[in-house]
Amino acid sequence: MALLELKNLSVNYGAIQAVQGLNLEINSGEVVTLIGANGAGKSTTLRAISRLLKVREGSIIFDGREITGLAPDAVVRMGIAQSPEGRQVLARQSVLDNLELGAYVRKDRAGITNDISRMFQLFPRLEERKQQSAGTLSGGEQQMLAIARAMMSRPKLLMLDEPSLGLAPLIIREIFSIIRNLNAEGTTILLVEQNAKLAMQHSHRTYVLEAGQITFTGSSQELLSDDRVLHAYLGG
Amino acid sequence: MTDFLQNNGFLLVTMVQQALLAMSLYYPLMCGQLSLASPGFYALGGYVAAIIGTIEYFAPWRDSLGWVIFPLEWLAAGIISGFLAVLVGIPALRLRGIYLALATIAFVEILRVVCLNLEITGGAIGIFGVPQLFESRWSYIWTFGPLLMLMLFFSYRLDRSRVGRAFKAIREDELAADAMGINPTRYKVLAFVIGAVLAGVVGAMSAPFLNTWNARQGTFDASIAYLAYVLIGGSRSMWGPLLGGMMLSALPEILRPLKDSRLIINGFVLVFASIYMPKGIAGAVGNLKNFTTRILGIGRSEK
Ligand SMILES: Nc1ncnc2c1ncn2[C@@H]1O[C@H](COP(=O)(O)OP(=O)(O)OP(=O)(O)O)[C@@H](O)[C@H]1O
Ligand SMILES: [Mg+2]
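If you read the sequences in order, they're chains A and B.
Just so you know, we're using the numbering used here here: the first sequence kicks off at 506 and counts up by one.
Just so you know, we're using the numbering used here here: the second sequence kicks off at -1 and counts up by one.
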């Protein structure tokens, strides 16, 4: 059974139809990539899953439960975390406070402390800067913090919205290798990327979104060598 | 010493009272909400105390309870203000920024007009002869002073608590806070209620202090005065409203010898402070501390 299932999902901003009749499935343990041009509706899809946007039509099923009508905090509690586009860390708060806030829905103090040290193992640069306010971190460090913060709620499904945005190639590789590690440790990942090639190389399956609708889907391996996808998204 | 207190006691108590009212704006501001509803809850709390203190119905209570009736008045004012704040806050806090400020001003006006027309609040005349808790005005420092201490302690703890962290996250980025599983509406209403309860209790302490209570206690002018306290004092920590409230409420009195020109100087101070201390007096003091730490190496903390 799929961990997350979107059935015929439609989302509007007023009169603008951002997502129309979208179907998508993610199985436990997978890394799934969602690619598409600017404005295709990728972030909208993630926001709808996190319940930050109203769904006009269709349903979202997570872990066998209908979550379409739930509030954002309930969804986080159920095990979905998002690292939003533009790595919205809380700039005025310390790195440590950002991590604590990521664990806001949890009550197990010992577990939280434990997970913070685990995040510091995964992102040693964050440990060196734990008292610093997040706004003073470099772009790459802020992205790491955004991912670490999302992980602090112990999600079953981690959604990353353009983690490579505006970062240097070296840092991007580091981030992708961390994504691979998180997946190897058991976290299912939904990855939204502009950097299509790299994202597909790091994922099991890919969905291609165009103007709010899925146009291609399949294993990332196959799509990487598909001529149409190659032309449109991989600059080939 | 006693002479000084006799002469300046009223001013001193007023300064503490105004600082408390300034702090009532601080809690909503902790989560980024500019609410100007405090004068409404202040007026409401004062009416609660004035009514319990004067009407026939409560006479047996007053006779049997003695001074204990006063803390009960504060409690009643706090509960009623908190309850009304939940009712008003849930719809009002859907609004943001200047719209919330306008809605809360409207709330203050509606409450004022209602009190102006009810019989139990004494209509336009108000309520006279509210029983006094103390004989002299300055003795009221024993009610307002401990309340201020309590609120400072409360704010200090709140700032470092889970709830305080949620407040600050919402102030910084409501959408991000929402995505992290912090329910912004719940915390905004909570902050609004805390401010309202404080303003209500201060009102209940003020009715005996002022001896009389009427609809002029909760007006638009008061909303603006409290806003000035917070703007001039600073809103990033509890010290801002404290300093702003004390200094601005004392300023007209200190300038009294200057007669007519005092209003000009008062206005000049406000303009000067808002241009040169954008983070308020508390922020400027903080900067000065950073400056001395950095340049002179004084007061450097370990770490
Ligand atoms: N808050 C909003 N109000 C109105 N329209 C919006 C809003 N947010 C997004 N849209 C519109 O919805 C559509 C999808 O936007 P979305 O942000 O989901 O795209 P995206 O695929 O994430 O693009 P990008 O790669 O640029 O991040 C776009 O046409 C966009 O203009
Ligand atoms: Mg996007």
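The C-beta atom is built at its ideal place from N, Cα and C for all residues, glycine as well.
List the residues of chain B that residue i touches, going by C-beta distances under 7 Å, in chain order.
i        : result
VAL610/A : GLY179
VAL524/A : Going along chain B, no residue has its Cβ under 7 Å from VAL524/A, so there is no contact; the nearest lies around 18 Å.
PRO577/A : ASP176, ALA177, GLY179
What did DSSP end up calling residue i once you bin it into helix, strand or coil?
i        : result
LYS301/B : Caution applies to LYS301/B, whose pLDDT of 37 falls short of 50 and renders its modelled position unreliable; the value that the coordinates give is listed next. Looking at LYS301/B - three-state DSSP - the assignment turns out to be coil, as it is neither helix nor strand.
GLN525/A : strand
ALA520/A : coil
GLU117/B : coil
ALA586/A : strand
SER603/A : Note on residue identity: the sequence assigns Asn, not Ser, to residue 603/A. Note: ASN603/A maps to helix in three-state DSSP.
THR183/B : helix
ASN209/B : coil
GLU727/A : helix
ILE683/A : helix
ILE565/A : strand
LEU477/A : Past the boundaries of the shown model lies residue 477/A; chain A is included only from 506 to 741, so the question cannot be answered.
ASN543/A : coil
VAL317/B : Within the shown structure, residues of chain B are numbered from -1 to 301, placing residue 317/B beyond reach of any answer.
ALA220/B : helix
ILE230/B : helix
SER638/A : strand
PHE132/B : coil
PHE628/A : coil
PHE289/B : helix
THR722/A : strand
Run the CB neighbour count on residue i, radius 10 Å, all protein chains shown included, and call it buried at 16 or more, exposed below.
i        : result
GLU117/B : exposed
TYR40/B  : buried
ILE262/B : exposed
ASN288/B : exposed
PHE207/B : buried
HIS707/A : buried
VAL199/B : buried
LEU18/B  : buried
MET649/A : buried
TYR518/A : exposed
SER259/B : exposed
TRP72/B  : buried
ASN603/A : buried
Is it the case that the CB of residue i approaches a heavy atom of ligand 2 more closely than 8 Å?
i        : result
SER588/A : no
VAL713/A : no
LEU516/A : This sequence places Val at residue 516/A; Leu is not what is there. No, the beta carbon of VAL516/A sits no closer than 8 Å to any heavy atom of ligand 2.
VAL283/B : no
VAL524/A : no
VAL112/B : no
Run through chain A and tell me which residues come within less than 9 Å of residue i, C-beta to C-beta.
i        : result
ASP61/B  : Under the 9 Å cutoff, chain A gives no residues; its nearest Cβ is about 49 Å from ASP61/B.
ARG163/B : GLN598, ASP602, GLU605, LEU606, TYR609
Just to confirm, does residue i get its C-beta within under 8 Å of one of the non-hydrogen atoms of ligand 1?
i        : result
LYS547/A : yes
GLU742/A : The shown model of chain A, from 506 to 741, leaves out residue 742/A, and the question about it has no answer.
ILE521/A : yes
GLN593/A : no
GLY544/A : yes
GLY717/A : yes
THR119/B : no
What does residue i touch in chain A if you count any residue whose Cβ is under 8 Å from its own?
i        : result
GLU170/B : LEU595, ALA596, ARG597, GLN598
I want to verify the contact list: residues of chain A whose CB lies under 7 Å from the CB of residue i, in sequence order.
i        : result
LYS166/B : GLN598
Does the beta carbon of residue i fall short of 8 Å from some heavy atom of ligand 3?
i        : result
VAL228/B : For the structure depicted, ligand 3 is absent and the ligand set comprises only ligand 1 and ligand 2.
So residue i contacts chain B; which residues on that side make the cut at Cβ distance below 9 Å?
i        : result
PRO589/A : LEU173, ALA174, ALA177
VAL560/A : In chain order: nothing, as chain B lies at least about 16 Å away.
ARG582/A : GLY179
SER658/A : MET178, GLY179
What does residue i touch in chain B if you count any residue whose Cβ is under 8 Å from its own?
i        : result
PRO668/A : Within chain B, no residue comes near PRO668/A; the closest Cβ sits about 15 Å away, beyond 8 Å.
LEU557/A : LEU173, ASP176, ALA177
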